[in-house]
Ligand code: FES
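Residue numbers (this note's numbering): 2 to 496.
Set out below in structure tokens:
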């Protein structure tokens, strides 16, 4: 069979593939994402053909035209390799979302591995159980990304007959991640724990996800799952069974349970909240007696999806904006020219545009135009602002309904922790200005990857530690609250 070379810029990689290889099959291994699952509708997989030829089918040309792509732009998801080519990849190296926070623990002997299996990113840490020191960290994009960026596309893809492939793919990738972690530490492992959202847990466990696809989104077995390394195909010796922690509800998984442990929310006298602004926005409110939680319909806007120039918090993304003497100044991750805007930049942009009265209280662009420029060609469209308002209203309404369920006001919360991929870039004042969280900024804290911190803490705990938390935790369906629609619409306004 004929072989061809593909050069990837600016990654500096060269790969050799068989004739007619679909680019989607090889590029996802290099961290390139396919948010619409390769349907040719989102345009986020576009690549610039620098050299060589990629023949375009009629369908490819039609989709490219619809997305306004011309000349040498191609949609990687609809392209095949038929000769040597050089491509400039629009997406960039992603940032590693690891965490090395300190926490209290009882020393044990040996090594353990904590894994946060996220919809977008997988992070694994090798931990010395005598000191809680992280000896090695490995991360990767979740390879299931080629089946879609968000949970709904993944669930749909499972139902379309890809479940077994997605299970095999994630098990084998995590197995490789563990081998990389252990490359310099050839020793038996005491324990391996995993956390992740409910869909990730079910897919990893080879369980049916179809109940997550339709109302009432009931999961028959959200409990913890244990595995033997052999059944997962992992070449690792581990003394305890591999343990995937239980989910709390249909869309609130063990990553949030780990977040509760990481914040210590379940031990506090005062009411505290945890908001995870990840691909799927989850909120927890509670104290040592009662905890309520919910997943919101925030959608992936904070991850840059559904925003015309949106991107994740990676090189080239505007991560923050500031107003200096009436001029908007931007900070770009990696100190390069801006290519797009990530969640934290989006929050800043809306807060600043409102401050400058360039958008009104309904988010309408006051000039009547459809696009507001921010910096070096990057800006927001009216649709982007509307997407942001929907997302921020979902968080604000969720917080309002959960506090109401506990019989308290938002103002009574002692503090709120924010977790999420772009957490470190967030400007808390702007979160408050947009009305997403109606508390003074001093009460809001950024906490990084709470799922990973919690997973690490699980390495030192009895597996039963979560039983007590689950007993006092209620999963609430926000849409089931009689006042939800009114509150949601109200929270869409900007002050
Ligand atoms: S256009 Fe969406 S992945 Fe290619």
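The beta-carbon is built from N, C-alpha and C at its ideal position, and this holds for glycine as well.
Exposure label - residue 107; buried when at least 16 CB within 10 Å: In the chain shown, the residue the question calls residue 107 occupies position 106. When all chains shown are included, residue 107 counts as exposed.
Taking the alpha-carbon of residue 5 as reference, which of 49, 33, 25, 53 has the nearest alpha-carbon? Counting from one through the chain shown, the residue named residue 5 turns up at place 4. Out of 49, 33, 25, 53, 53 has the C-alpha closest to the C-alpha of residue 5.
Have a look at residue 377 and residue 338 and give me their C-alpha separation to the nearest angstrom. For the purposes of this step, residue 377 is taken as residue 376 along the chain shown, with counting starting at 1. For the purposes of this step, residue 338 is taken as residue 337 along the chain shown, with counting starting at 1. For residue 377 and residue 338, the distance between alpha carbons rounds to 8 Å.
Taking 7 Å as the cut-off, is the beta-carbon of residue 240 closer than that to any non-hydrogen atom of the ligand FES? The count along the chain shown starts at 1 and reaches residue 240 at position 239. Residue 240: no, Cβ never under 7 Å from the ligand FES.
Is any heavy atom of the ligand FES found at a distance shorter than 7 Å from the C-beta of residue 82? Counting from 1 along the chain shown, the entry for residue 82 is found at position 81. The answer is no for residue 82.
Apart from the five residues just before and just after residue 435, which ones in its own chain have a Cβ nearer than 7 Å to its Cβ? As a first step, residue 435 is located in the chain shown; it is residue number 434 there, counting from the start. Here the set comprises 348, 351, 352, 393, 495.
Confirm the yes/no value for this check: CB of residue 148, any heavy atom of the ligand FES, distance under 7 Å. The residue you call residue 148 lines up with position 147 of the chain shown. Result no, Cβ not under 7 Å from the ligand FES.
Simplified DSSP assignment, three categories, for residue 5: Along the chain shown, read from residue 1 onward, the residue named residue 5 stands at position 4. Residue 5 falls in the strand class under three-state DSSP.
Could you check whether the Cβ of residue 197 sits closer than 7 Å to any heavy atom belonging to the ligand FES? Counted from its first residue, the chain shown places residue 197 at position 196. Residue 197 Cβ: outside cutoff for every heavy atom of the ligand FES.
In angstroms, rounded to a whole number, what distance separates the CA positions of residue 463 and residue 215? Locating residue 463 in the chain shown gives position 462, counting from the first residue. Locating residue 215 in the chain shown gives position 214, counting from the first residue. Distance between the alpha carbons of residue 463 and residue 215: 35 Å.
Answer yes or no: the CB of residue 69 versus the heavy atoms of the ligand FMN, is any distance below 7 Å? Judged by which ligands are present, the ligand FMN is missing from the structure shown, whose ligands are the ligand FES.
When every heavy atom of the ligand FES is checked, does at least one fall within less than 7 Å of the C-beta of residue 44? Along the chain shown, one-based indexing puts residue 44 at 43. Within the cutoff, so yes.
Ignore the nearest five residues each way along the sequence and tell me which others in residue 455's own chain have a CB closer than 6 Å to its CB. The residue given as residue 455 occupies position 454 in the chain shown. 259, 260, 262, 263.
Would the segment 114-124 count as touching the segment 53-70 if we require 3 or more Cβ pairs under 8 Å? no
N-terminal and C-terminal residue of the alpha helix (DSSP H) that residue 433 is part of: By one-based count along the chain shown, residue 433 stands at place 432. Note, residue 433: alpha helix (DSSP H), 429-434.
Are the beta-carbon atoms belonging to residue 308 and residue 388 less than 8 Å from one another? If you number the chain shown from 1, residue 308 lands on position 307. If you number the chain shown from 1, residue 388 lands on position 387. Yes, the pair counts as a contact, with Cβ atoms nearer than the cut-off.
Output needed for residue 182: all residues of its chain with C-beta closer than 7 Å, excluding positions within five of it in sequence on either side, in chain order. Position 181 of the chain shown, counting from 1, holds the residue named residue 182. Once the five neighbours on either side are set aside, the close Cβ partners of residue 182 are 114, 125, 127, 137, 139.
Return the chain-ordered list of same chain residues with a C-beta closer than 6 Å to the C-beta of residue 224, the five sequence neighbours on each side being excluded. For the purposes of this step, residue 224 is identified with residue 223 of the chain shown, where counting begins at 1. 247.
Helix, strand or coil at residue 49 according to DSSP, with G and I counted as helix: Here residue 49 refers to the residue found at position 48 of the chain shown. Reduced to three states, the DSSP call for residue 49 is strand.
Under DSSP, the alpha helix (DSSP H) around residue 445 begins and ends at which residues? Counted from its first residue, the chain shown places residue 445 at position 444. It is not in any alpha helix (DSSP H) - residue 445 instead sits in the beta strand (DSSP E) that spans 445-449.
State the start and end residues of the unbroken alpha helix (DSSP H) segment that holds residue 202. As a first step, residue 202 is located in the chain shown; it is residue number 201 there, counting from the start. It spans 199-205 - the alpha helix (DSSP H) in which residue 202 sits, taken as one unbroken run.
How would you write the range of the beta strand (DSSP E) that residue 190 sits in, first residue to last? Locating residue 190 in the chain shown gives position 189, counting from the first residue. It is not in any beta strand (DSSP E) - residue 190 carries neither H nor E in the DSSP assignment.
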